[in-house]
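Participant: Residue numbers (my numbering), protein chains in the order written: chain W, 528 to 1004; chain G, 946 to 1375.
Glycine residues also receive a C-beta, built at the ideal position from the N, C-alpha and C atoms.
Note that the coordinates shown come from a computational prediction; the quantities given were computed from them, not determined experimentally.
Pasting in a structure now, in structure tokens, and then I'll have a few things to ask.
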């Protein structure tokens, strides 16, 4: 079925259009993004259950962007009355003028930026989904999750908790300018199983996620995820600490995705080019990885949690080849950075929600596949680790350092898995060295969308990333 | 949706209990590239959070469901949402507990909100007056300042309102030597702008950038004593804060027990952790928590022994803590030695990480080193790259803390904390 566009947004669109017209009398350019995204989060563990109508991306509100004298300004609100757009326009003008008075008295000059083009365009994108979160039988679903959580606790060794979480969001966004009327509606869902084990001396966690641009039908995958999370907790509880050093590694597709995200996801966000915060700006056309490394980024690069039709600035979704056979080709760009750099936007202008500023952000960041099997890759390792499960990562676009915290590593000696497990594992290194050492890639790409991505340490948005199994060399600690 | 009308809907919906939070935010935001204005923003929003409760099986269980009702919802929409919550609550089989009841005087005199222009102006003055040079300069910054007016009401008669000023500056600084340039990132959260504290933090950040340019790869030290400060130290003490949280205890993540020491045979300093109702210029100073319980000072860990758990109403009730609350501010007492004394002997003083983490469940700590000082006798070498790792369970017996204290927003901590036997992976090229 198609995910239907929000009746609420349709009902306020005439009022928003009137607001747009009122503000155009005062500004060179006006755009409005209005959102109405509904969903649910269910959590069940043997200790407690919860039901909420909120997810990371549920929201209802409006952000108005205006441009005048080279300066962009925004006003975020969530009490728009479509019958009284004049009152809203007055509040916007009054508050923004108060800010400008402060800035002028402080001697602050704008970062002069041209007005955007506004080519005529209309779009209604209602994307396919299996089911809708607003129509899901939550009582049945919380029952299923509770039963699986109890089953996990019963079956797991040394388990102190088993929590299942299910979230589904129906995203609806309306983007309006004088010449554009863009509407999109899609559903994405994500689930997780977290197992916590403790033997009195040590604690360990297992984690498995599910995600997709689909409806609550995704949660049929929970039983298999529970099996894996139970094994993960047992593995981690028996793990030893890795001896710090440089090793041959095989990253599983989830860890490969984390490397992609941290290495040349953040590193080529072009708002960082504007601020001279990214070394990548100086490396366009230069080698940053081995010949095997080809990397895509874009809402069209995969069908996952961040696969939309247009971004939060009204630009169409894209699929950018950032690295082609080891050569850095280009970055990704939001609308204002594109105007400042004189390039075309790539559809990567995203907001945490209507209350937040738009930045250049990732969507789906994915390594292309290679032609090796996992067995061939393991057989090629003299001493190293098969790394499984991503926990967190951090980039340093100016210095190209990378930090990835990985759930665990399975030791490989002389081409065989030994059965020894190490955890946790901190993978660090210099990005060109890490990507330059990529020597084998698996045949199958998998993409994961259960995580969130921050800009610095805030501005959280949904992203996905992935790749095939990837063999390289890295420092583990 | 009018707040008073929403209260009426909750009163008449048939729920056994209910609660409503109304959060009005008025925030000013300014974004700069160097010192030129990238964008200015205003945020004026209202968030209405509701939760309804149902008792079932003769009061043995209390189910709840809730979430946000948009202020633009019609009365029919709000009624439908509340009805949906009420239906779902019947399937949420949580052991019974009670909501907070009124405790003393009703707090409703919140006064006028601070002028966001004044705080924003103070932030801008500090950023524009930093001692920049050809090799050390401001790259970009973001300023957020304003306040939240929060009202909490529940079916048991609690009706309290408070005003909470909240500000934040995110600052990126560059340091360069020839063609080599690095950046230092700082996020500073507070109530309103404290110019002196902001200046001090940013001047220290400029020093960090300067020293990082001169840093050599971290040697593969095996294990070493490591000194923690700043946000990494705050993350370390987050481990202690989490493990005296009632939810952590109920879920089995914390094996700590009231009245029992954190570990046997302590060779270093014993940790004392308090919850504080008020900490100067904290962004978390409110007279009540998110469920209307009054916040106050409380001893959580005293001389290395767990004194009590705190947390939200549900999990506190499960632990039998009738007078519990969720603290906003915390203080860790200083140790027995000066910061200078802690710096003696061979140790690695880590001052900047990519993203230092202390997992409160497993106790694992990890972080890539952006800048540390390797202290070997009288020799001090700035190092970069590689990582630290280990587990808090192993570190607590020999943990040492400085007498001097340092405040990060809602946390008052020892300025320096020394952990023994931390695993060190060397940096690339070491």
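Between 982/G, 1143/G and 1229/G, which has its C-alpha nearest residue 627/W's C-alpha?
Facilitator: By one-based count along the first chain, residue 627/W stands at place 100. Cα-wise, what sits closest to residue 627/W is 982/G.
Participant: Determine the contact status of residue 1172/G and residue 1150/G, defining contact as a CB-CB distance below 7 Å.
Facilitator: Start at 1 with the first residue of the second chain, and residue 1172/G comes out as number 227. Start at 1 with the first residue of the second chain, and residue 1150/G comes out as number 205. When the beta-carbon positions are compared, residue 1172/G and residue 1150/G stay at least 7 Å from each other.
Participant: Considering only the alpha carbon of each residue, which of 1004/G, 980/G, 986/G and 955/G lies closest to residue 1011/G?
Facilitator: As a first step, residue 1011/G is located in the second chain; it is residue number 66 there, counting from the start. Checked all of 1004/G, 980/G, 986/G and 955/G; the closest Cα to residue 1011/G is 955/G.
Participant: In angstroms with no decimal places, state the Cα-to-Cα distance between residue 1319/G and residue 979/W.
Facilitator: On the second chain, residue 1319/G is found 374 positions in, with the first residue counted as 1. On the first chain, residue 979/W is found 452 positions in, with the first residue counted as 1. Approximately 35 Å between the Cα atoms of the pair.
Participant: Using a Cβ-Cβ distance under 7 Å, would residue 786/W count as near chain G?
Facilitator: Against the first chain, residue 786/W aligns to sequence position 259. So no, residue 786/W is outside the interface.
Participant: Which residues of chain G have a Cβ atom closer than 7 Å to the Cβ of residue 601/W, listed in chain order?
Facilitator: In the first chain, the residue the question calls residue 601/W occupies position 74. Here the neighbours are 984 and 986.
Participant: Excluding sequence positions up to five away, which residues of its chain have a Cβ less than 7 Å from the Cβ of residue 1205/G?
Facilitator: To locate residue 1205/G, count along the second chain from 1; it is residue 260. Result list for residue 1205/G: 1250 and 1251, in chain order.
Participant: Mind checking residue 596/W: buried by the 16 CB within 10 Å criterion, or exposed?
Facilitator: As a position in the first chain, residue 596/W is number 69, starting the count at 1. The residue is exposed, with fewer than 16 neighbouring Cβ atoms inside 10 Å.
Participant: Between the Cα of residue 821/W and those of 847/W, 809/W, 832/W and 833/W, spot the shortest distance and give me the residue it belongs to.
Facilitator: Within the first chain, the letter at position 294 stands for residue 821/W. Answer by Cα proximity: 847/W.
Participant: Could you pull out every residue in the same chain whose Cβ sits closer than 7 Å to the Cβ of residue 1347/G, ignoring the five residues on either side in sequence?
Facilitator: To locate residue 1347/G, count along the second chain from 1; it is residue 402. Hits under 7 Å: 1279, 1280, 1282, 1283, 1284, 1287, 1359, 1360 and 1361.
Participant: Which of the three DSSP states, helix, strand or coil, is assigned to residue 1157/G?
Facilitator: Here residue 1157/G corresponds to residue number 212 of the second chain, with the count starting at 1. Three-state DSSP puts residue 1157/G in a helix.
Participant: Within a Cβ cutoff of 6 Å, which residues of the same chain sit near residue 969/G, ignoring the five residues on either side of it in sequence?
Facilitator: As a first step, residue 969/G must be located in the second chain, where it is residue number 24. For residue 969/G, where only same-chain residues beyond five positions count, the Cβ hits under 6 Å are 991 and 1094.
Participant: What are the boundary residues of the alpha helix (DSSP H) that residue 971/W is part of?
Facilitator: Within the first chain, numbered from 1, the residue matching residue 971/W stands at position 444. From DSSP, residue 971/W is part of no alpha helix (DSSP H); its letter is neither H nor E.
Participant: Please report whether the beta-carbon of residue 776/W lies at a distance below 7 Å from any beta-carbon of chain G.
Facilitator: Within the first chain, the letter at position 249 stands for residue 776/W. Not one chain G Cβ lies under 7 Å of residue 776/W.
Participant: Here's the rule I'm using: 16 or more other beta-carbon atoms within 10 Å means buried, otherwise exposed. How should residue 1153/G be labelled?
Facilitator: Numbered from 1 along the second chain, position 208 holds the residue referred to as residue 1153/G. Result: buried.
Participant: According to DSSP, is residue 723/W helix, strand or coil?
Facilitator: Residue numbering aside, residue 723/W sits at position 196 when the first chain is read from its first letter. Residue 723/W: strand per DSSP, three-state reduction.
Participant: If you measure from the beta carbon of residue 989/G to each beta carbon in chain W, is any gap under 7 Å?
Facilitator: Counting from 1 along the second chain, the entry for residue 989/G is found at position 44. Judged by the 7 Å Cβ criterion, residue 989/G is in contact with chain W.
Participant: Please give the ranges of any alpha helix (DSSP H) in the stretch 632-676 of chain W, keeping only runs that are unbroken, at least 4 residues long and fully inside the region.
Facilitator: none
Participant: Please list the partners that residue 1084/G has in chain B, where partner means a Cβ-to-Cβ separation under 8 Å.
Facilitator: As a matter of chain content, chain B is missing from the structure shown, whose protein chains are W and G.
Participant: Entirely within the stretch 986-1036 of chain G and at least 4 residues each: give me those alpha helix (DSSP H) ranges in chain order.
Facilitator: 1020-1034
Participant: Are there 16 or more other CB atoms within 10 angstroms of the CB of residue 1017/G, so buried, or fewer, so exposed?
Facilitator: Residue numbering aside, residue 1017/G sits at position 72 when the second chain is read from its first letter. Buried is the call here.
Participant: Quick check on the DSSP output: the alpha helix (DSSP H) that includes residue 522/W runs from which residue to which?
Facilitator: This structure leaves residue 522/W out entirely; chain W is present only between 528 and 1004.
Participant: Please name the residue, chosen from 1180/G, 1226/G and 1238/G, that lies closest to residue 1270/G on a Cα-to-Cα basis.
Facilitator: As a position in the second chain, residue 1270/G is number 325, starting the count at 1. With distances taken between Cα atoms, residue 1270/G lies closest to 1238/G.
Participant: Does the beta-carbon of residue 1015/G have 16 or more other beta-carbons within 10 angstroms, so that it is buried, or is it exposed?
Facilitator: Numbered from its first residue, the second chain carries residue 1015/G at position 70. With 16 or more Cβ atoms within 10 Å of its Cβ, residue 1015/G is classed as buried.
Participant: So what's residue 879/W in DSSP terms, helix, strand or just coil?
Facilitator: Taking the first residue of the first chain as position 1, residue 879/W is located at position 352. It is coil, neither helix nor strand.
Participant: In terms of alpha-carbon separation, which member of 907/W, 776/W and 710/W lies closest to residue 841/W?
Facilitator: In the first chain, counting from the first residue as 1, residue 841/W sits at position 314. The candidate whose alpha carbon is nearest that of residue 841/W is 710/W.
Participant: Run through the stretch 896-970 of chain W for me and flag every whole alpha helix (DSSP H) of 4 or more residues, listed as ranges in chain order.
Facilitator: 901-906 and 958-963
Participant: Which residues of the stretch 1328-1359 of chain G have a Cβ closer than 9 Å to any Cβ of chain W? Give them in chain order.
Facilitator: 1329, 1330, 1331, 1332, 1333, 1334, 1335, 1336 and 1338
Participant: Please check the pair residue 1192/G and residue 1273/G, which I expect to be a contact at CB under 8 Å, by giving their CB distance rounded to whole angstroms.
Facilitator: On the second chain, residue 1192/G is found 247 positions in, with the first residue counted as 1. On the second chain, residue 1273/G is found 328 positions in, with the first residue counted as 1. With 8 Å as the limit, residue 1192/G and residue 1273/G do not qualify as a contact, their Cβ atoms being about 16 Å apart.
Participant: Kindly indicate if chain W contains any beta-carbon less than 7 Å away from that of residue 1092/G.
Facilitator: Within the second chain, residue 1092/G is the residue found at index 147, counting from 1. Judged by the 7 Å Cβ criterion, residue 1092/G is not in contact with chain W.
Participant: For residue 1002/W, which residues does DSSP report across the bridge?
Facilitator: If you number the first chain from 1, residue 1002/W lands on position 475. DSSP lists 773/W and 955/W as partners of residue 1002/W.
Participant: Answer with yes or no whether the minimum CB distance from residue 1365/G to chain W is below 7 Å.
Facilitator: Here residue 1365/G corresponds to residue number 420 of the second chain, with the count starting at 1. Output row for residue 1365/G: interface = no.
Participant: Does the count of Cβ pairs from the stretch 1229-1246 of chain G and the stretch 1295-1312 of chain G closer than 8 Å reach three?
Facilitator: no
Participant: When you compare the CB of residue 771/W with every CB in chain G, is at least one pair closer than 7 Å?
Facilitator: For the purposes of this step, residue 771/W is identified with residue 244 of the first chain, where counting begins at 1. Taking CB atoms only, residue 771/W has a neighbour in chain G less than 7 Å away.
Participant: How about the stretch 855-863 of chain W and the stretch 811-827 of chain W: do they share at least three Cβ pairs that are nearer than 8 Å?
Facilitator: yes
Participant: If you compare alpha carbons, which of 696/W, 903/W, 693/W and 621/W is closest to residue 913/W?
Facilitator: Here residue 913/W refers to the residue found at position 386 of the first chain. Selected option, being the one with the closest Cα: 903/W.
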